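Novice: According to our numbering, the sequence shown is numbered sequentially starting from 278.
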Amino acid sequence: MFNKLMKMLPSNQLRLFVRALPALAVDFLIVMVSYAAGLLLRFDAHVPRESWHWLLWAVPVIAVAYLLANMVFGVYRTAWQYGSIMDAFYLGLSVTLVTLAVFGVNAMLRHRPIPLSVNLISGAVILLGMGLVKLTPRLLSGNSAPLRGWGGQRAQQVLIVGAGSTGQLLANELLLNRQWRYRPLGFVDDDERKLHTRIHSVPVLGNRYDIPSLVEKHDVDVVALAIPSASGASIHELLAICESIHVPVRIVPGLDDIVSGKAKAGEMRAITIEDLIERDPVDIDKQGCRDLIAGRSVLITGAAGSIGSELARRLLTFEPASLHLFDANEGGLHELRVDLSQRSEDCQIKPWMGSIGDRNKVFQAFEGARPHVVFHSAAYKHVPLLEENPDQGFLVNVVGTLNILQAANQVGTEKVIYLSSHAAMNPSSVMGATKRIGELLVRSLGRPGTTFAAVRLANVIDSRGGVVSTFWRQIQKGGPVSVTHPDVARYFLTVHEVASLIIQVALVAEPGGIYVLDVGEEIKIADLAERMIRAKGMEPGREVEIVFTGLRPGEKLRDDVVGEGEDLSPTAHPKVFLARGPSPCLPDDLLRRIAELEISLHRTPEAVVAQLHELARFDLAEGKRESPTRTSPSSPN
């Protein structure tokens, strides 16, 4: 009924005034009572009759002055159940200014029935009374845990790492919102000035090195890392400290994620593999990349894959005129188009459904797209499957790549960036051999005006079906976690930095260039499995077992950084290097060998594998003829 009456009022200002009437009445009463209290205190309860007389006619006028000041400073527009320090400041400023004004007027009077001291005493009581009344809703709110607890249920005890803005925001949210069912037990922070202080009534108990003892002493249920601005090395050190505590560790989103809507205040996400692997953010030449992409046609093969889809999202930020998505995955292609269309209304999003092994479909797509820049991500990549099906690896990874490069030459594409692999260096598997042959094609088939280049990728953390996703799935089931060998080690990159650096390679690419990315430190897979288990608050070997299954066919113990006969030289970007190696193959010779292998695919898998490895080392073979027109990977085609 009250809300219906409010809607009938002619203006918003009038509605606000009507809503504020109860608060105005309470404040009016507070002023009257405060002046009465001031007189009683000043005259030790023996107040002269004249002073009471003045109280009855002068103080209502003074009370109106306080109310008007409160209205000017927005006191009655504040939702006090969420009142902040600034809200309290404006209330204090309002009361102080009126108190000083009343004191000044009273001081100019020759006859003062109300002594000057009463004005000051009453002003202090008014501030205390109004503040108490207005902050009471916050203290007694139904969502307020400090006074009301957590509804009789035991809340999980949270130790917050980081007493900065993100940590205090988390503590405040958990205290005010019982829905989270978390109770902030305390902070740890490396700033000694904060030690033993209290933030939102929550004490700072120690520094990062005190985490294990504090967890044991206070029966902590969750450790929350609230330091989003920390470097990868710092996060990695914190996670290493937390490895021994056997309780779940969570990451608190930063304020920028909360403001942008990516996360909510009070949320704590599980540890991801990016947190466990020390990788700092990658910066690229954004303006240069924009100049390369903006207003142009771009085509991505394998667009529905983990790398291709992230690459599409990154490219969209550089405002291409059209983005062409080539993939055989119908569902993934549809979902990606919907996602990209929601992100940009100006860019034309065009899907092309088909396999790169289908020459007619590839040429149809290139004729329709007329791409200026192509990112060739499509490939078969799972080592064990390709060992069992080498013919399919050849048809997609080699013949498919040949189709892409020849179609690019036909329509005059300016740049094609081929996504190769560390497995292409000194290949021991079918996958590595096919990727190496793709690199030979990139170095040999370019024409004047067209730049073909390759970038070798390490293991991508977020890739579907990779070791990381497999480990998470096995841990979720309670184990065991399967590792091929105790000493197997790999380099890892996140899909975000891979996508950024691929675009950077497109900017700096030279004709026939083979580029290698800075992959950081090598990580033992067994150690990674242990970290992932501990990140879930479990003990490796006791709660989740790790078993060693043996190296699979074609698998190496360690990844190579450079191939045979190669050396690395720097480029304009500190995380991108150019691999300089043997001279390119003669195009006719290379294409003849590929055609011969395609004809013999009916032979036994072992014979096909042998031919693939022989072809992968074609440029290293003794007596290989030198090209009369190309003597280095950077010379024009």
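Every residue gets a Cβ at the ideal spot worked out from N, C-alpha and C, and that includes glycine. Small disclaimer: the values here were computed from a predicted structure and weren't measured.
1. Around the Cβ of Phe459, are there at least 16 other Cβ atoms within 10 angstroms (buried) or fewer (exposed)?
2. Under 7 Å between the Cβ atoms of Gln433 and Asp498?
3. Suppose you measure from the CA of Val303 to the CA of Gly400; what does that come to, to the nearest Å?
4. Between which two residues does the alpha helix (DSSP H) harbouring Ser371 extend?
5. Ala571 by DSSP, collapsed to three states: which one?
6. May I have a chain-ordered list of the beta strand (DSSP E) segments no shorter than 3 residues that lie completely inside the segment 471-512?
7. Thinking just about the alpha-carbon of each residue, which of Leu889, Pro667, Gly381, Leu845 is nearest to the one in Val793?
8. Start and end of the alpha helix (DSSP H) containing Asp844?
9. Between the segment 575-590 and the segment 635-654, can you find at least three pairs of beta-carbon atoms closer than 8 Å?
10. Helix, strand or coil: how does DSSP classify Gly565 here?
11. Taking contact to mean at least 3 C-beta pairs separated by less than 8 Å, is the segment 685-697 in contact with the segment 748-767?
12. Counting along the chain, where does the alpha helix (DSSP H) carrying Val785 start and finish?
13. Write down the C-beta distance between Ala503 and Leu452 rounded to the nearest angstrom, noting that I regard them as a contact closer than 8 Å.
14. Would you mind giving the Cβ-Cβ distance between Glu587 and His773, rounded to the nearest angstrom? I have them listed as a contact below 8 Å.
15. If we call anything under 7 Å between Cβ atoms a contact, is Arg870 one with Leu855?
16. Could you give the first and the last residue of the continuous alpha helix (DSSP H) run that contains Trp267?
17. For the structure I just gave you, are there three or more beta carbon pairs, one from the segment 717-736 and one from the segment 784-804, closer than 8 Å?
18. If you reduce the DSSP assignment to three classes, tell me which class Pro859 lands in.
19. Below 8 Å, can you find three or more Cβ-Cβ pairs linking the segment 764-780 to the segment 709-719?
20. Evaluate Trp357 with the Cβ neighbour count: other Cβ atoms within 10 Å of its Cβ, from every protein chain shown; 16 or more gives buried, anything less gives exposed.
21. If you follow the beta strand (DSSP E) that Met630 is in, where does it begin and where does it stop?
22. Where does Glu807 land, buried or exposed, given buried means 16+ other C-beta within 10 angstroms?
23. What is the DSSP secondary structure of Ser698, counted as helix, strand or coil?
24. For a quick check, are the C-beta atoms of Val758 and Ile800 less than 7 Å apart?
25. Is the separation between the beta-carbon of Asp466 and that of Ala440 shorter than 7 Å?
26. Quick check on the DSSP output: the beta strand (DSSP E) that includes Val218 runs from which residue to which?
27. List the DSSP bridge partners of Leu734.
28. Give me, in chain order, the residues of the same chain whose beta-carbon lies closer than 6 Å to that of Val529; leave out the 5 immediate sequence neighbours on both sides.
29. Check the DSSP bridge columns for Leu602 and list the partner residues they point to.
30. From this set, Arg647, His649, Thr678, which residue's C-alpha is nearest Gly634's C-alpha?
31. Of the residues Leu889, Asn396, Ala701, which one's Cα is nearest the Cα of Gly381?
32. Alpha carbons only, please: which of Ala340, Arg573, Gly756 is nearest the one belonging to Val310?
33. Starting from Pro788, trace the beta strand (DSSP E) both ways and give me its first and last residue.
34. Report all residues from its chain with a CB closer than 8 Å to the CB of Leu491; omit the five preceding and five following residues, and keep chain order.
35. Taking CB distances under 7 Å as the criterion, tell me whether Gln781 reaches chain C.
Specialist: Let's see:
1. According to the sequence as given, residue 459 is Tyr; it is not Phe. Under this definition Tyr459 is a buried residue.
2. With contacts defined by Cβ atoms closer than 7 Å, Gln433 and Asp498 form a contacting pair.
3. Their Cα atoms are separated by approximately 16 Å.
4. For Ser371, the uninterrupted alpha helix (DSSP H) segment begins and ends at 362-385.
5. In the structure shown, Ala571 adopts coil according to DSSP, grouped into three states.
6. Segments of the beta strand (DSSP E) lying fully in the segment 471-512: 479-483, 499-502.
7. It is Leu845 whose Cα lies nearest to the Cα of Val793.
8. Where Asp844 is concerned, there is no enclosing alpha helix (DSSP H), although the beta strand (DSSP E) it sits in stretches over 844-847.
9. Verdict: yes, contact present.
10. Collapsing the DSSP output to three states places Gly565 in a helix.
11. Taking 8 Å as the limit for Cβ pairs, the verdict is that the segment 748-767 does not touch the segment 685-697.
12. If you look at Val785, you'll find it in the alpha helix (DSSP H) that goes 772-785.
13. Beta-carbon to beta-carbon, Ala503 and Leu452 are separated by about 14 Å, too far to satisfy the 8 Å threshold.
14. With a contact defined as Cβ atoms closer than 8 Å, Glu587 and His773 qualify at about 7 Å.
15. Taking 7 Å as the cut-off, the Cβ atoms of Arg870 and Leu855 do not count as close.
16. This structure leaves residue 267 out entirely; the chain is present only between 278 and 914.
17. In this structure the segment 717-736 touches the segment 784-804; the number of beta carbon pairs closer than 8 Å is three or more.
18. Residue state, collapsed to three classes: coil.
19. Segments in contact, no.
20. By the Cβ neighbour-count rule, Trp357 is buried, with 16 or more other Cβ atoms within 10 Å of its own.
21. Per DSSP, the continuous beta strand (DSSP E) segment holding Met630 begins and ends at 625-630.
22. By the Cβ-count criterion, Glu807 is buried, with 16 or more other Cβ atoms from all chains shown falling within 10 Å of its own Cβ.
23. Correct three-state label for Ser698: strand.
24. Not a contact, by the Cβ cut-off of 7 Å.
25. Taking 7 Å as the cut-off, the Cβ atoms of Asp466 and Ala440 count as close.
26. A query on residue 218 cannot be resolved here, the shown segment of the chain reaching from 278 to 914 and no further.
27. Per DSSP, Ser698.
28. Contacts found: Thr443, Leu447, Ala501, Ala503, Met545.
29. Paired residues: Ile577, Pro628.
30. Looking only at Arg647, His649, Thr678, the smallest Cα-Cα distance to Gly634 is reached by Thr678.
31. Selected option, being the one with the closest Cα: Asn396.
32. When only C-alpha atoms are compared, the closest one is Ala340.
33. Here Pro788 belongs to no beta strand (DSSP E), and DSSP marks it neither H nor E.
34. The beta carbon of Leu491 is closer than 8 Å to those of Leu436, Gly463, Val465, Leu482, Gly483, Val497 in its chain, skipping five residues each way along the sequence.
35. The structure shown contains no chain C; it holds only a single protein chain.
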